[in-house]
Amino acid sequence: MNSDQNSGPSRNSPDRRLVVLLVVLVLIIGLLLGWLLGGGSYKSDDDSMTATEESGLVEQAAESVTTTAAPVTTTAPPPTTTAAPVTTTAPPPTTTQAPVTTTAPPPPPAPTQAEAAGCWFDAGPLPENISLNMGFQADLDGVAGEEVAYTYFNHDLGKWVLRAEAVDGSFSSEWLIQDSDMVFATDILGVVDTNADGLPELMVKVGGGAYTQSIGFAVVRDCEVEPTRNLEGGVWTWAVGASVQNIGGFECTNGYVRFETASLTEASVWFVRSYKNSLNGIVWESTGAAGSNYVGETDDDTPPFESGYVCATLPSMMVEVG
Ligand SMILES: [Ca+2]
Ligand SMILES: [Ca+2]
Numbered sequence: 000m001n002s003d004q005n006s007g008p009s010r011n012s013p014d015r016r017l018v019v020l021l022v023v024l025v026l027i028i029g030l031l032l033g034w035l036l037g038g039g040s041y042k043s044d045d046d047s048m049t050a051t052e053e054s055g056l057v058e059q060a061a062e063s064v065t066t067t068a069a070p071v072t073t074t075a076p077p078p079t080t081t082a083a084p085v086t087t088t089a090p091p092p093t094t095t096q097a098p099v100t101t102t103a104p105p106p107p108p109a110p111t112q113a114e115a116a117g118c119w120f121d122a123g124p125l126p127e128n129i130s131l132n133m134g135f136q137a138d139l140d141g142v143a144g145e146e147v148a149y150t151y152f153n154h155d156l157g158k159w160v161l162r163a164e165a166v167d168g169s170f171s172s173e174w175l176i177q178d179s180d181m182v183f184a185t186d187i188l189g190v191v192d193t194n195a196d197g198l199p200e201l202m203v204k205v206g207g208g209a210y211t212q213s214i215g216f217a218v219v220r221d222c223e224v225e226p227t228r229n230l231e232g233g234v235w236t237w238a239v240g241a242s243v244q245n246i247g248g249f250e251c252t253n254g255y256v257r258f259e260t261a262s263l264t265e266a267s268v269w270f271v272r273s274y275k276n277s278l279n280g281i282v283w284e285s286t287g288a289a290g291s292n293y294v295g296e297t298d299d300d301t302p303p304f305e306s307g308y309v310c311a312t313l314p315s316m317m318v319e320v321g
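When the letters of the sequence shown are read in order and numbered with numbering that gives the first Met the number 0, they come out as residues 0 to 321.
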């Protein structure tokens, strides 16, 4: 039995081994073919993966670049938003100017010059038989608006009159110049400020003789025009001019007026009198300074001063009146 069992396989062994060898060869060839074909596909997969990975990195890099650039554009807007408030703050001035024009109309009831000055005076209408001189218009009392002062000759009275009126007609006042006459026309010579108090005086020619003119000063205060006076209460006038034996004049300076007069004596020298006077209210007073008054004589017949007057005038406007 053992021999049969052993002889069987030994008899068929060459064929079986050939078959096994062929099967092994087929398997090996199949494996080789499979490896060759499969290796190419792996390599291409790897390449595609790396390629997609690289492209992915490029895209991420590109995105990171754009996302980092974006903050720059987001930080730029703030300046434009801060610039806008400047344009919004500009309009307010135009809106605040508008109220001024709307508040301007309401206060039209302005007081008259007399009401503003707290006084009242009415000289009445001008007489009919008169001759008028030109008027001087300025703020003569230092209150409210301007006043006009002028002289006129009243033919019925044979006298000159100094008249002052508020421009708005709320007050008027007159001074009858007693020393005036028809021969020498009375005129306002100018608006001055002899005492440097800011309030004007009217320098007025109130009379005259052959070689001289008589000059006085008047003021407009409390709605009235009135002459200035000496300490005794008389109307202050000063003779200005020159004759053979007399000269007179004055000079306004430093808030006072130096009035001078001189007469030629029989000894052929000039007897001189000089007064430094300052207007206090409507009264002329000595300045009180040492040497304010001077009385003396010259050494010879040379005149001690020039006749006439020097007094700076304030701005005023010449106007037609009546
Ligand atoms: Ca006035
Ligand atoms: Ca004055």
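Positions of the beta carbon are idealized from the N, C-alpha and C atoms, including for glycine.
Subject >> Close beta carbons around glutamate 225, own chain, < 7 Å, minus the five adjacent residues each side >> reply: For the purposes of this step, residue 225 is identified with residue 226 of the sequence shown, where counting begins at 1. Cβ within range, chain order: Trp174, Ala217, Val218, Ile281.
Original post:
alanine 143: beta carbon under 6 Å from a heavy atom of ligand 1?
Top reply: As a first step, residue 143 is located in the sequence shown; it is residue number 144 there, counting from the start. Yes, the beta carbon of alanine 143 sits closer than 6 Å to at least one heavy atom of ligand 1.
**OP:** Inspect the beta-carbon positions of serine 273 and glutamate 259 and report whether they are closer than 7 Å.
**Re:** The residue given as residue 273 occupies position 274 in the sequence shown. The residue given as residue 259 occupies position 260 in the sequence shown. Contact flag set, yes.
**OP:** Would you check whether ligand 1 has a heavy atom nearer than 6 Å to the C-beta of aspartate 140?
**Re:** Locating residue 140 in the sequence shown gives position 141, counting from the first residue. In this structure, the C-beta of aspartate 140 approaches ligand 1 to less than 6 Å from one of its heavy atoms.
Subject >> Complete beta strand (DSSP E) runs within the region 217-264 (minimum length 3 residues, chain order) >> reply: 223-226, 236-241, 245-252, 255-263
**OP:** Report yes or no: do three or more beta-carbon pairs, one from the region 293-313 and one from the region 261-275, lie closer than 8 Å?
**Re:** yes
Original post:
Do cysteine 222 and phenylalanine 170 have their C-beta atoms closer together than 7 Å?
Top reply: Taking the sequence shown and counting its residues from 1, one reaches residue 222 at position 223. Taking the sequence shown and counting its residues from 1, one reaches residue 170 at position 171. Yes, Cβ-Cβ distance for cysteine 222 and phenylalanine 170 is below 7 Å.
**OP:** Could you name the residues of the same chain whose beta carbon sits closer than 7 Å to that of proline 199, not counting the 5 residues immediately before and after it, in chain order?
**Re:** As a working note, residue 199 is residue 200 in the sequence shown. So the qualifying residues of the chain are Ala137, Leu139, Val190, Val191, Asp192, Leu313.
Original post:
Can asparagine 194 be considered in contact with ligand 2, in the sense that its beta carbon sits closer than 6 Å to one or more heavy atoms?
Top reply: Position 195 of the sequence shown, counted from the start, is the residue given in the question as residue 194. Result yes, Cβ under 6 Å from ligand 2.
**OP:** With DSSP collapsed to three states, give me the class of aspartate 186.
**Re:** Translated into positions along the sequence shown, residue 186 becomes position 187. Looking at aspartate 186 - three-state DSSP - the assignment turns out to be strand.
Subject >> lysine 158 versus Glu164, Glu146, Ala184, Glu145, residue with shortest Cα-Cα distance >> reply: Translated into the one-based positions of the sequence shown, residue 158 becomes position 159. If we check each option's Cα against that of lysine 158, Ala184 comes out closest.
Subject >> Closest by C-alpha distance to leucine 230, when choosing among Leu30, Phe249, Asn279 >> reply: On the sequence shown, position 231 is the one that residue 230 refers to. Ranking the options by Cα distance to leucine 230, first place goes to Asn279.
Original post:
Can you pull the DSSP bridge partners for leucine 175?
Top reply: Within the sequence shown, residue 175 is the residue found at index 176, counting from 1. Leucine 175 is bridged to Val160.
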